[in-house]
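Notes follow the structure.
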Amino acid sequence: MITLAHEVENMMSVREIPWHGLGNVLPEYPKSKEELLSAAGLNWEVGELPVEVPLPNGQRLMALDKKGIVRLSDNTLLSIMGGTYTPIQPAQLVDFAFSLLDITQNEFEGADGQPPILFETAMSLAGGRVNTLMARVPRDIKIGGSDPVSLYLGFVNSHDGSLRFGVHATPIREVCMNTLNAGLKAAVQSWSVKHTASALASIDEARRTLNLTWKYADEFEKQMNDLLDQDFNKRQFEQMVQKLFPKTAKESAPFSREQYAMIGLLESSPTIDDGLRYTKYGAFNAVTEYADWGTRFNEGSASVEEKRTMNVLFGRAKVAADKAFSYLA
11 MITLAHEVEN MMSVREIPWH GLGNVLPEYP KSKEELLSAA GLNWEVGELP VEVPLPNGQR
71 LMALDKKGIV RLSDNTLLSI MGGTYTPIQP AQLVDFAFSL LDITQNEFEG ADGQPPILFE
131 TAMSLAGGRV NTLMARVPRD IKIGGSDPVS LYLGFVNSHD GSLRFGVHAT PIREVCMNTL
191 NAGLKAAVQS WSVKHTASAL ASIDEARRTL NLTWKYADEF EKQMNDLLDQ DFNKRQFEQM
251 VQKLFPKTAK ESAPFSREQY AMIGLLESSP TIDDGLRYTK YGAFNAVTEY ADWGTRFNEG
311 SASVEEKRTM NVLFGRAKVA ADKAFSYLA
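Position in the sequence shown (first residue = 1) + 10 = the working numbering.
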């Protein structure tokens, strides 16, 4: 399981998003798969090696049901996996994205000079054991006609079994780059598959899920506009954060530091316009802004930016967003 203590190993970014400040910042979108992988430090392959166990008599016994997964560029052992585990290369993550959207590799640079898939981040995490891509897709969402939200597809692959190979949809608010990860009952947000020999043959199933991702975007837009149409005053917000994010028994003030921070964002965050502020949509954004940007990190030696990256991708930020949305919807 990935934790916040694991560090970002390498990364490339085109735009400033919640984990800006890390890795190589490119002035424009990558024009080829090779450029993307090189900038992100993902231009390497993994291989399989047999696992041997030393015996007391000096002989070595081969573990037939185990294999070592090794990064071939520097002989780093990434994991020991079961015999049915089939590694998926970093480059295959890019190939999967193109296949999923039914785009050929020679179309990496579109007719207007821009790639049809706008890869905005790519990174290697946890010493190479986890690889991710974040791509902006041509499906913008409008909240109240004036608050643009972009839809991203996040592609994830691991070499240690901690995460399944897959893709998930993530709406990101352009004005502040908050991730609005709302789990919707009426739509599918993600697809994943185990690392087996047939994993990449599941592209048709993944493509059907992508169609459901468009449904997710439609449903998300509808749900957020419904929240925007409902008033939600400061006292109601205070009651919500007290219930969802309760203070500890040691805290004697009316509100905890975390609760005060979220209340302050609702009242004065410059990213929440006055027309949005005292609505359920404004309340949802106050929680997600705090979860993305205000969370304290104490564990590990990684930088705040690295911990924020892990928080947004795998940690408390999505949990907080789901809790707030379930309460408000």
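Every residue, glycine too, gets a C-beta built ideally from N, C-alpha and C. The model shown is predicted, which means the values in this text are computed figures rather than measured ones.
Near Tyr291, what residues of its chain come up, given a Cβ to Cβ distance below 7 Å and the 5 sequence neighbours on each side ignored? Ile153, Met234, Leu237, Leu238
Proximity of Leu46 and Phe165 at Cβ, strictly below 9 Å: no
What would DSSP say about Ile213, mapped onto helix, strand or coil? helix
The beta strand (DSSP E) spanning Ile151 covers which residue range? 151-153
As assigned by DSSP and simplified to three states, the class of Asp228: helix
Roughly how many angstroms lie between the CA atoms of Phe307 and Pro66, to the nearest whole one? The predicted model places Phe307 with a pLDDT of 49, which falls under 50 and marks its position as unreliable, so this point remains unresolved.
Mapping DSSP to helix, strand and coil, what is Leu237? helix
DSSP beta-bridge partners for Tyr162? Arg146, Thr180
Flag this pair as yes or no: are the beta carbons of Pro425 and Ser200 separated by less than 9 Å? In the structure as shown, the chain begins at 11 and stops at 339. Residue 425 is therefore absent and cannot be evaluated.
Here's the rule I'm using: 16 or more other beta-carbon atoms within 10 Å means buried, otherwise exposed. How should Ala49 be labelled? Ala49 comes out buried.
Whole-Å CB distance - Val251 paired with Gln269, under 8 Å assumed: 5 Å
Identify whether Asn167 lies in helix, strand or coil by the three-state DSSP scheme. strand
With which residues is Gly78 paired in a DSSP beta bridge? Leu59, Ile90
If the criterion is Cβ atoms closer than 9 Å, does the pair Thr281 and Ala330 meet it? no
Beta-carbon separation of Phe242 and Thr289 under 9 Å? A contact, by the Cβ cut-off of 9 Å.
So Glu19 packs on Ser134, CB below 8 Å; how close in whole Å? 4 Å
Note down, in chain order, each residue of its chain lying with its Cβ closer than 8 Å to the Cβ of Met11, except the 5 sequence neighbours on either side. Caution applies to Met11, whose pLDDT of 37 falls short of 50 and renders its modelled position unreliable; the value that the coordinates give is listed next. Taken in chain order, the residues that qualify are Ser172.
Burial state of Arg139, where buried means 16 or more other Cβ atoms lie within 10 Å: Arg139 should be labelled buried.
Local conformation of Trp201 per DSSP, three classes: strand
According to the neighbour-count rule (16 or more other Cβ atoms, all chains shown, within 10 Å of its Cβ), is Val24 buried or exposed? buried
According to DSSP, which residues form a beta bridge with Ala132? Partner(s): Met22, Leu143.
Counting C-beta neighbours from all protein chains within 10 Å, is the total for Arg70 16 or more, i.e. buried, or is it exposed? exposed
To the nearest angstrom, how far is it from the Cα of Val203 to the Cα of Asp214? 12 Å
Buried or exposed by the 16-neighbour rule on C-beta atoms within 10 Å, applied to Leu74: exposed
Give me whichever residues DSSP pairs with Arg373 in a beta bridge. Outside the shown range of the chain (11 to 339) lies residue 373, about which nothing can therefore be said.
Quick one: grab the DSSP three-state call for Tyr337. helix
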